[in-house]
Structure formats: structure tokens, C-alpha cells
Amino acid sequence: MKINNPQITLADEARNGVKEEVRSGFLDWLFEFNVTGDDGELYALGGSILSMALEKMDLVTMNLAKGKGFVRQLKNSVYKLAEYPGALMQKFYRNPQGTLKIEKREHSVLVTCGKEYSVECFDDGAWHFLLDTQDGEYKADLWHRAHGYPLWYGREKPSYLTQHSITYGYNTAGDVEGEFAYKGKTVKVKGTGQRERYVAVDSSAAELGGWEDWGYITFNEIHSSMYDMRLGMKDFAIYDLQTGAYYPEGKMEITHEDWAFMRELDGFIPTVYNICIEVEEGVYEVRARVANARTWGVTYKVPDNPVASLIFDNVEGKFTYRDGTVKVLTGGRGSMSVRQWHAYPNILPRELFSDEEKSGEKFDTL
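With numbering that gives the first Met the number 0 applied, the sequence shown covers 0 to 365.
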């Protein structure tokens, strides 16, 4: 979405409502990071503060995933199975409405939700996260530093995902550094990630058009964020760190390949992403491979509308300018969160759910 002044301000960081008549309110300060530890491992770090007015709850979520997996072809089957390490730790804290506090300072906005989670949003584009499970299992001290301008959902004017789903806010990719401690082991990390500042009124997963992609891709040369309702709204932002060029408009197409069954999700996920975004000055192309995946949301269980976060380890890209010049992109990272509008029915073959060798009828029928 193109807006007159795309610079993030402290007013955006502190925003806690919309002007329209609303049925429910939803606020978040969320992050999803793809980082490498000083132990050489790939880590995915995530968390959020969520305020849900209709449910009268302020929520904190935290998650940690480690390592890479693979996809295997099932014996005597057309299906593939995702064998990913998944999450090491996932926490979910329900707090009464009013636990979330927003403190406006001279050069920052501090947002807290109990003792477990705080994020300070600075006017130079940095966010500082402090997370603590309070039981000794997990602590994190992380910085996210954004570059350029974000993907805006709305600002002066709202963005409408559907006729009644009104949204304001932004996603932006940036550099990540810091450390976390898990079960007594401290790991220093460095990489990239995406943060989200979001204000929403109402939503309906059934209206998403069957599939939703929300995520980011970063290279040493270019950072990008994207949101794709398969049959609906498509938004993105590309920022060239070398030239300062900002591309918030154009044509985006995301295609999925090599689908595999993810047992934890009780459904299929794509394990290869092809992203093509055409903007005024050229074409941005990305091919990314999934190395790990986990369920996500406010329960971390398989809901009626399955959701998963996919972590990429092998990301290739290029930007082809109108004159034919090709900029090969390096150091690719990223992740993509997906939402399906319904769960798969239980007419799937047994081998998807069990490694046991079985004979006879392979389908469960109604």
C-alpha cells in the first residue's frame, strides 16, 4: 500500500484503536525472527503481545524452534511427509484485560504485558524485546532494527481485508541481534526478522480465499515483507538497502511447490516457495526452501483454521532491472506464516498419520 509519508512514527507504535464503529478490537506487537546462533544452529524466535477486546484478554506468546528437517517420500504412496524438529518451547499466558500497558516516552514507546514480555519501540526504527518465562526455562534480550519503509496496512486511511475487517498497521523486516537462554544455555544470535504493529477490528478466516501467506524475505542487498490473501488483498514492500529504493506497489504472485503432510498441523504445507514481484523498476524473484515448521496462534493447537509458521534455510533471489541488468542477491533468510480456511477432512490415508505398515483399506470414510 502506497501512502503519502511511509516513515514509522511513535504515534504508530502506540496506536491502540480505530475511529470506526467496531464489534471487536485486536492489537498486537509481534515478531518472527530467523537467526543463527554462536553454536552454528538455525533458530526461529517468535512472540507477541495480543490484546483482544471482545474476549477481554491480554495475551503473551513466546516460541523457540531449533534446527533443520527434511521431507521424505512415503513408501507405496504419492504423499510426502514433513519431518521437521518443530518447536523447542511454546508458551501462552492469558492475562485479564488491562494488563497491557503503553507508556509514551520522549524518544520511545514502552509496551508491557505482565512480567513476561516487554518491547520498547524507539524513534530510530529499533525495537528492543525482553522476554522471560519467569520459571527459569527461557529468557531473551533481542533487538530488531528496521531499514527504510514498511509494508503498510493502513495509516491515514484504513485497509479493508474484507468489507468488515478494518486494519491499520505495518510489517517491516530488519536486522536482528541479541541473545536468549534456554534451560541454562545462553546463545548469542544474529540474523534478520519481521515485526508487526497491528490494529484490527474484525476478521473471518473463511473469507481469506482459502489460503493466506504472511512473511518476509531478507537479503544482504534487499529486505521485503509480504501479505497475500490467495483470492483477495495482496500487499508487499521491497526496500533496497544499497540504493534506498522503496517499492510498495506492483504485481505479486506466490506459488507453492512440493507439498508435504505436517502431522502437528494435521494438514499439508508447501515446502518450496516461489515469489515473483513486478515493480516499476524491475522484477524481484525469490525461491525459498522450508527447513522447519511449527503451529502457531493463540493456542498453538490445530484449530478449525490451521495455521503454521514455516522457517526457510535456503533462500535464493535476484532483481532484474528493466534494462536487463541482474542483481544477484546474497545471504537470504526468511519465514512465512500460513493460514488455511478449513481443516482437511479425515479421508486421508493412514500412512500420513502413522509409520506402522498396514494392509487393507487405506481410507477412513464417513
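Ideal Cβ placement from N, Cα and C applies to all residues, glycine included.
- Item | Rounded Cβ spacing between G368 and V175 (contact assumed at less than 8 Å) | Lying before the first or after the last residue shown, residue 368 is absent from the chain, which here runs from 0 to 365.
- Query: From N3 to G113, what does the alpha carbon distance come to, in whole angstroms?
  - Reply: 36 Å
- Note down the Cα distance separating W372 from R194, rounded to an integer number of angstroms. Because residue 372 is not part of the residues shown, which for the chain are 0 to 365, the question remains open.
- Message: Quick check on the burial criterion: 16 or more other C-beta atoms within 10 angstroms. Buried or exposed for H106?
- Response: H106 counts as exposed, since fewer than 16 other beta carbons sit within 10 angstroms of its beta carbon.
- Task: Go to L368, then tell me how far its alpha helix (DSSP H) extends in each direction, as first and last residue.
- Result: Any property of residue 368 remains undetermined from this structure, which presents the chain solely from 0 to 365.
- Item | Distance between beta carbons of A287 and Y83, contact taken as under 8 Å | With 8 Å as the limit, Y83 and A287 do not qualify as a contact, their Cβ atoms being about 15 Å apart.
- Item | Between the CA atoms of L73 and V118 - distance to the nearest angstrom | 44 Å
- Task: Specify the secondary structure class of R349 as computed by DSSP and reduced to three states.
- Result: Under the three-state reduction of DSSP, R349 is assigned to helix.
- Alpha-carbon spacing of A205 relative to N304, whole angstroms: The predicted model places A205 with a pLDDT of 49, which falls under 50 and marks its position as unreliable; any figure quoted below should be read in that light. The alpha-carbon atoms of A205 and N304 are separated by roughly 8 Å.
- Specify whether the segment 235-247 and the segment 49-69 touch according to this definition: at least 3 beta carbon pairs, one from each stretch, less than 8 Å apart. no
- Whose C-beta lies closer than 7 Å to the C-beta of D140 among residues of the same chain, with five residues either side of it excluded? L129, G177, E178
- What is the DSSP secondary structure of T132, reduced to helix, strand or coil? coil
- Distance between W295 and M261 (C-alpha atoms, nearest Å): 13 Å
- Message: If I measure Cβ to Cβ from M88 and keep anything under 6 Å in the same chain, skipping five residues before and after, which residues do I get?
- Response: L63, Y137
- Cβ of I48 within 8 Å of Cβ of V108? no
- Task: Could you work out which residue in G316, S336, S334 is closest to V327 when comparing CA atoms only?
- Result: Out of G316, S336, S334, the CA that lies nearest to the CA of V327 is found in G316.
- Item | Neighbourhood of T319 by C-beta, 6 Å cutoff - its chain only, sequence neighbours within 5 removed | Taking C-beta separations shorter than 6 Å and ignoring five residues to either side along the sequence, the partners of T319 in its chain run G281, V282, V325, following chain order.
- In DSSP terms, what Q385 is bridged to: Outside the shown range of the chain (0 to 365) lies residue 385, about which nothing can therefore be said.
- Task: Check whether the Cβ atoms of T217 and A180 lie closer than 8 Å to each other.
- Result: no
- Count the other CB atoms, across all protein chains shown, that sit within 10 Å of the CB of L80; report buried if there are 16 or more and exposed otherwise. Per the 10 Å Cβ criterion, buried.
- So, is the C-beta of G46 closer than 8 Å to a C-beta in chain C? This model lacks chain C altogether, as it is built from one protein chain only.
- By how many angstroms is the C-alpha of D212 removed from the C-alpha of G231? 11 Å
- Is S50 helix, strand or coil by DSSP? strand
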